[in-house]
Amino acid sequence: MTDTTTVTATPQQEAPALLQLRHVSKIYGDLHAVDDVSLDVPRGQWLSLVGSSGSGKTTLMNIIGCMDTPSEGSVLLDGRELGRLNAAQLTDIRKNVIGLVFQQFHLVPHLSAVENVMVAQYYHSMTDEKEALAALDNVGLAERAHHLPSQLSGGEQQRVCIARALINHPEIVLADEPTGNLDEANEQLVLDIFHRLHEQGTTLIVVTHDAHVASCGERQVLLNHGRLVGERLNDGHHGPRSHDMLDFSDAQPTQVRA
Ligand code: ADP
Ligand code: MG
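Position 2 of the sequence shown, counted from 1, bears residue number 1 in numbering that gives the first Met the number 0, the numbering being contiguous throughout.
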């Protein structure tokens, strides 16, 4: 029997990046809060986003997290252009694909830790206290599940926030200065959680001012006045614990691929 099927040899293609930003800008009047940013983030990468205050980090994170839309350019998530999705599809991405961690923890003050985690579940319409308790256990807070935010330390509140962000097993975790309000010991607890997520294949984008936190990622990109002005790959060496300005003097100019 002769096989008449023509087999076309296709070259091995690199998987497209999970997140692709193409010439993204956010413009307020004369101000370009984000200015022509093009960036690929491969699946599973831990990316540190650094830059001084006002450089556009939060604006960019809000755009990536489907909380805001760019004035210009496009964002592709898993090959889907966010600007072409309808409200229901965007809601689905916010619920199921993205986990958000903030510097100000945004916990509901009159709800206990486990109830705060269940609020996130409620949005996913499957409130399950056992699962919420397991999520708290996962961040070392099983004993604190029934405390109110006001009865928790800053580090504990941040871990509740992380448990809430992780409840639906998001593919991407976006953390905006997650250790900005924490002491060193609590910073390390949060970094340990991020290391674990990274090992499990979660894509992490972490905004930080802290050289040590930035050095925990595989790659750092630097924003300045809304523009991506540098990037470097970390060599596995974790930088010194320091809240000094990050030194990007050895960084390569960012290659715009789009
Ligand atoms: P970062 O997080 O790096 O500190 P932001 O993204 O918060 O920076 O802000 C970047 C710039 O955009 C700042 O100059 C800020 O004042 C401005 N900006 C942010 N949001 C708005 C807004 N809604 N309206 C006008 N300007 C804004
Ligand atoms: Mg910010």
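Built from N, CA and C at the ideal position, the CB exists for glycine as well.
Computed from a prediction, not measured in an experiment: that's the story for all the values here.
In this structure V116 touches A131 by the C-beta definition: roughly 4 Å separates them, less than 8 Å. Residue environment for G98: buried (at least 16 other C-beta atoms within 10 angstroms of its C-beta). Relative to ligand 1, A32 has its C-beta within less than 7 Å of a heavy atom. Here the alpha carbon of V49 sits roughly 33 Å from the alpha carbon of L110. Burial is judged here by how many other beta carbons sit within 10 angstroms of a residue's own beta carbon; K25 has at least 16 and is buried. Shown here for H145: same chain residues with a beta carbon closer than 8 Å to its own, the five before and five after excluded, namely S111, A112 and V113 in chain order. In the DSSP secondary-structure assignment, H31 is bridged to I26. Sequence-distant partners of I192 (beyond 5 residues in either direction) whose C-beta falls short of 7 Å from its own C-beta, in its chain, are V138 and I161. DSSP places N223 in the uninterrupted beta strand (DSSP E) bounded by R218 to N223. A buried status is given to T201, since no fewer than 16 other beta-carbon atoms sit within 10 Å of its beta-carbon. V23 is positioned such that its CB atom lies closer than 8 Å to that of I62. 8 Å or more divides the Cβ of V40 from the Cβ of I166.
The region 63–82 and the region 214–228 do not touch, with fewer than three beta-carbon pairs separated by less than 8 Å. Within the same chain, Cβ atoms closer than 8 Å to the Cβ of T57 are found at D175 and V206, the five residues on either side in sequence being excluded. Distance check between S152 and each of E186, V36 and L173 places E186 closest, using alpha-carbon atoms only.
CA-CA distance, Q199 to L18, rounds to 18 Å.
Each residue's CA atom was taken as its position, placing L181 and A119 some 23 Å apart. Check the Cα spacing between L75 and each of L46, T90 and L38: the tightest is with L38.
Looking at the DSSP output, Q19 bridges to D39 and L75. Each residue's CA atom was taken as its position, placing H197 and R21 some 25 Å apart. D234 is classed as exposed because its beta carbon has fewer than 16 other beta carbons within 10 Å across all chains shown. Relative to the non-hydrogen atoms of ligand 2, the Cβ of T57 comes within a distance shorter than 7 Å of at least one. Between the alpha carbons of I171 and G53 lies a gap of roughly 24 Å. Look at the region 54–134 and you find these whole runs of beta strand (DSSP E), each 3 residues long or longer: 71–76 and 97–100. Cβ contact annotation for V100 (same chain, cutoff 6 Å, sequence separation greater than five): C160, I161, A164, A174 and P177, in chain order.
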